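> Got a structure here, written out as structure tokens. Questions coming.
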Amino acid sequence: MNIKEAKNEIKNAVRLYLKKEDGVYVYPVESQRPIFLQGAPGVGKTAIMTQIAEEMDIAMVSYSMTHHTRQSALGLPVIREKSFGGMECQVSEYTMSEIIASVYETMEKSGKKEGILFLDEINCVSETLAPSMLLFLQYKIFGSFSLPEGWVVVTAGNPPQYNRSVREFDVVTLDRMRVISVEEDFESWKEYAVGAGVHPAVLLYLDKKKQHFYMVENKAWEKNYVTARGWEDLSVVLRLSEKEGIAVTEHLVFQYLHQEEVAREFFAYYDTFRKLRDKYPVKEITEGNAGEMTKELAKNAPFDERLALVQFLLDELGEKTGVINAKATRLASVAKLLANKNASGDALLRGRIKENEERMQQLLAAGVLSLREKKKLVQENEFIEVMLAQRGEEEFAPYINGELTKAQNEVAGMKKMLETVMVFLEEIYGNGSEMLIFVTQLSLNRETAEFLLLFGSEAYNEKSKRLRLSDRGEALLRR
Numbered sequence: 004m005n006i007k008e009a010k011n012e013i014k015n016a017v018r019l020y021l022k023k024e025d026g027v028y029v030y031p032v033e034s035q036r037p038i039f040l041q042g043a044p045g046v047g048k049t050a051i052m053t054q055i056a057e058e059m060d061i062a063m064v065s066y067s068m069t070h071h072t073r074q075s076a077l078g079l080p081v082i083r084e085k086s087f088g089g090m091e092c093q094v095s096e097y098t099m100s101e102i103i104a105s106v107y108e109t110m111e112k113s114g115k116k117e118g119i120l121f122l123d124e125i126n127c128v129s130e131t132l133a134p135s136m137l138l139f140l141q142y143k144i145f146g147s148f149s150l151p152e153g154w155v156v157v158t159a160g161n162p163p164q165y166n167r168s169v170r171e172f173d174v175v176t177l178d179r180m181r182v183i184s185v186e187e188d189f190e191s192w193k194e195y196a197v198g199a200g201v202h203p204a205v206l207l208y209l210d211k212k213k214q215h216f217y218m219v220e221n222k223a224w225e226k227n228y229v230t231a232r233g234w235e236d237l238s239v240v241l242r243l244s245e246k247e248g249i250a251v252t253e254h255l256v257f258q259y260l261h262q263e264e265v266a267r268e269f270f271a272y273y274d275t276f277r278k279l280r281d282k283y284p285v286k287e288i289t290e291g292n293a294g295e296m297t298k299e300l301a302k303n304a305p306f307d308e309r310l311a312l313v314q315f316l317l318d319e320l321g322e323k324t325g326v327i328n329a330k331a332t333r334l335a336s337v338a339k340l341l342a343n344k345n346a347s348g349d350a351l352l353r354g355r356i357k358e359n360e361e362r363m364q365q366l367l368a369a370g371v372l373s374l375r376e377k378k379k380l381v382q383e384n385e386f387i388e389v390m391l392a393q394r395g396e397e398e399f400a401p402y403i404n405g406e407l408t409k410a411q412n413e414v415a416g417m418k419k420m421l422e423t424v425m426v427f428l429e430e431i432y433g434n435g436s437e438m439l440i441f442v443t444q445l446s447l448n449r450e451t452a453e454f455l456l457l458f459g460s461e462a463y464n465e466k467s468k469r470l471r472l473s474d475r476g477e478a479l480l481r482r
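Residue numbers in the sequence shown follow the numbering used here, run continuously in steps of one, and reach 482 at the last position.
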């Protein structure tokens, strides 16, 4: 199955394992088969585990089992004095496993009593640790200590052809696990990538060269590989380099795409992409100031160039809606806080700063602090600190009301911008494939989708109905 399907399977399994009736977990611990997620490197196995924990609001503890010896996994042996039937003797016991101790520590720091214990590279454990792992997989016990109730075990590993250290599981071990085999799949990754704001050059290139999305070549003298992880990481460095004015070189691309043909072809495409982006005045188009020359240029462009223009516009709108969403959410949160008349505004605001700092620490301890959530909490604290430094108690409410009015105007301006871009595309391309891709990706991109959810758009709703978006859009994106 693809990574999206695997994520849904695991999420459903975790939901069942954590189901309670009358305060008691329904699923017996010994029947809770750990999940074994098997797939090639870089397909997103670790990433989906973090997403699942974040979405389900539970903790996650992650360990790479290649780093563990029998002693660190089981605990260290200690000698205890014990009495059996009046006979004094010494017995061997174990200290708490480093892994189990980490789970308890996470529970304490995060305040979350439920979570996922993710054991990566499980099929690379040492030979001395293997028997103990078999016991753990069935009974969730390391040494003398059990995994706490409410924690689900998910494991992962690569097939032998990708990792020389792999020890293939026997039937006895496999029979204690739920095995999910994950295959690389561009279409499922693309859906995620559009939502996550992956660089448009990456999306456009892979739409043309789907065969370059994933490849691993093991040769005697070298290893060539391109993975989903590599494309996403390359996207991040492309965006940051462009923002900082740092030149993107072929050498940089080679650091992420370890296959000469793919790296060279993508770099050549990226160079063309930059020239195309300079060719079209995207800002003028979004503001409704596109001249006849721009319209004629867009109308006569080949189809690949038209798709690039659509991506330029989507990227611009995604960036702008992201700023508006964050600002509006921040203002609404602070306004609601100050509506509480049972405490002074100063005390409420300082209390919120402390709450946000504690929230970040808890999420960090739980292993689920995303960059998006961290940015949201940090920006709210910075906004409040500026208010406290520059405004008096009596000025808080008027200031927030003024900022809310500004935000409402920005939202109205954004709605107008969405409509303006749709009018431009319809004038140039009608309601063809270009428009369909544009409207479909508005609902897939995380920022534009959030804007549409929070504030709506009559122009978007009308266009969606006219295009019968759901069926046609999905079919077109799969091409």
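Ideal Cβ placement from N, Cα and C applies to all residues, glycine included.
Here the structure is a predicted model, which means the values were calculated and not measured.
#1: From Ser-238, Gln-364, Asp-188 and Tyr-208, pick the residue whose C-alpha is nearest to that of Ala-199; which is it?
#2: Is the region 158-176 in contact with the region 40-49, if contact means three or more CB pairs nearer than 8 Å?
#3: Measuring only the C-alpha atoms, how far is Pro-80 from Ile-38?
#4: Considering only the alpha carbon of each residue, which of Phe-269, Asn-448 and Phe-458 lies closest to Ala-331?
#5: Tell me which residue opens and which closes the beta strand (DSSP E) that Glu-484 is part of.
#6: List the DSSP bridge partners of Ser-184.
#7: Keeping to the same chain, check which residues put their C-beta closer than 7 Å to that of Gln-382; ignore five residues upstream and five downstream.
#8: Terminal residues of the continuous beta strand (DSSP E) containing Val-219?
#9: Under 8 Å between the Cβ atoms of Leu-428 and Glu-437?
#10: Which partner residues of Glu-96 appear in the DSSP bridge assignment?
#11: So if DSSP puts Ser-86 in a beta bridge, which residue, or which two residues, is it bridged to?
#12: Would you report the Cα separation of Glu-152 and Glu-117, rounded to the nearest angstrom?
#13: Who are Asn-464's beta bridge partners in DSSP?
#14: Please state the DSSP three-state secondary structure of Val-197.
#15: Let me know the secondary structure DSSP gives Thr-28 once reduced to three states.
#16: Rounded to whole angstroms, what's the CA-CA distance from Tyr-20 to Gln-141? Just pull it up for me.
#17: Name the DSSP beta bridge partners of Gly-154, please?
#18: Report, in whole angstroms, the separation of the C-beta atoms of Phe-216 and Leu-209, which I expect to be a contact under 8 Å.
#19: Let me know the secondary structure DSSP gives Asp-178 once reduced to three states.
#20: Put Gly-476 into one of helix, strand or coil per three-state DSSP.
#21: Nearest-angstrom Cα distance between Lys-468 and Val-414?
#22: When DSSP labels each residue in this structure, what does Val-426 get in the three-state scheme?
#23: Residue ranges of each alpha helix (DSSP H) run of no fewer than 4 residues wholly in the region 238-270, ordered along the chain?
#24: Between which two residues does the alpha helix (DSSP H) carrying Ser-336 extend?
#25: When you compare only the Cα positions, how much space is there between Val-371 and Glu-406?
#26: Measure the CB-CB distance between Val-484 and Glu-319 and report whether it falls below 8 Å.
#27: Do Glu-245 and Gly-325 have their CB atoms nearer than 8 Å?
Working from what's here:
#1: Within the sequence shown, the letter at position 196 stands for residue 199. When only C-alpha atoms are compared, the closest one is Ser-238.
#2: yes
#3: Translated into positions along the sequence shown, residue 80 becomes position 77. Translated into positions along the sequence shown, residue 38 becomes position 35. Whole-angstrom Cα-Cα distance: 30 Å.
#4: As a working mapping, residue 331 is identified with position 328 in the sequence shown. Comparing Cα-Cα distances from Ala-331 to each of Phe-269, Asn-448 and Phe-458, the minimum goes to Phe-458.
#5: Within the shown structure, residues of the chain are numbered from 4 to 482, placing residue 484 beyond reach of any answer.
#6: For the purposes of this step, residue 184 is taken as the residue at position 181 of the sequence shown. Answer by DSSP bridge pairing, in chain order: Gln-41.
#7: Along the sequence shown, one-based indexing puts residue 382 at 379. So the list reads Ala-329 and Arg-333, once near-sequence residues are dropped.
#8: Here the question's residue 219 lines up with position 216 in the sequence shown. Segment 218-221, the beta strand (DSSP E) holding Val-219.
#9: The count along the sequence shown starts at 1 and reaches residue 428 at position 425. The count along the sequence shown starts at 1 and reaches residue 437 at position 434. Cβ atoms of Leu-428 and Glu-437: closer than 8 Å.
#10: Locating residue 96 in the sequence shown gives position 93, counting from the first residue. DSSP output for Glu-96 lists Val-81 as bridge partner(s).
#11: The residue given as residue 86 occupies position 83 in the sequence shown. Paired residue(s): Glu-91.
#12: Here the question's residue 152 lines up with position 149 in the sequence shown. Here the question's residue 117 lines up with position 114 in the sequence shown. Spanning the two alpha carbons is a distance of roughly 8 Å.
#13: Position 461 of the sequence shown, counted from the first residue, corresponds to residue 464. Note: Asn-464 sits in no beta bridge, so no partner.
#14: Here residue 197 refers to the residue found at position 194 when the sequence shown is read from its first residue. If DSSP states are grouped into helix, strand and coil, Val-197 belongs with the helices.
#15: Locating residue 28 in the sequence shown gives position 25, where the first residue counts as 1. In the sequence under discussion, the amino acid at residue 28 is Tyr, which differs from the Thr named in the question. In this structure, Tyr-28 counts as strand in the three-state DSSP scheme.
#16: Counted from its first residue, the sequence shown places residue 20 at position 17. Counted from its first residue, the sequence shown places residue 141 at position 138. Rounded to whole angstroms, Tyr-20 to Gln-141 spans 14 Å at the Cα level.
#17: The sequence position of residue 154 within the sequence shown is 151, counting from 1. For the sequence presented, residue 154 should be read as Trp rather than Gly. Per DSSP, Gly-118.
#18: In the sequence shown, the residue the question calls residue 216 occupies position 213. In the sequence shown, the residue the question calls residue 209 occupies position 206. Indeed they touch by this definition, with Cβ atoms about 5 Å apart.
#19: Within the sequence shown, numbered from 1, the residue matching residue 178 stands at position 175. Residue state, collapsed to three classes: coil.
#20: For the purposes of this step, residue 476 is taken as residue 473 along the sequence shown, with counting starting at 1. Bear in mind that a pLDDT of 49 at Gly-476, under 50, signals an unreliable position, so the number given afterwards is only what the model happens to contain. Reduced to three states, the DSSP call for Gly-476 is helix.
#21: In the sequence shown, the residue the question calls residue 468 occupies position 465. In the sequence shown, the residue the question calls residue 414 occupies position 411. Whole-angstrom Cα-Cα distance: 22 Å.
#22: Working through the sequence shown from its first residue, we reach residue 426 at position 423. In the structure shown, Val-426 sits in a helix (DSSP, three-state: H, G or I).
#23: 253-257
#24: Mapped onto the sequence shown, residue 336 falls at position 333. Unbroken alpha helix (DSSP H) run through Ser-336: 306-341.
#25: Locating residue 371 in the sequence shown gives position 368, where the first residue counts as 1. Locating residue 406 in the sequence shown gives position 403, where the first residue counts as 1. The straight-line gap from Cα to Cα measures roughly 31 Å.
#26: For the chain, the structure presents residues 4 to 482; residue 484 sits outside this window and is missing.
#27: Here residue 245 refers to the residue found at position 242 of the sequence shown. Here residue 325 refers to the residue found at position 322 of the sequence shown. For Glu-245 and Gly-325, no; Cβs fall outside 8 Å.
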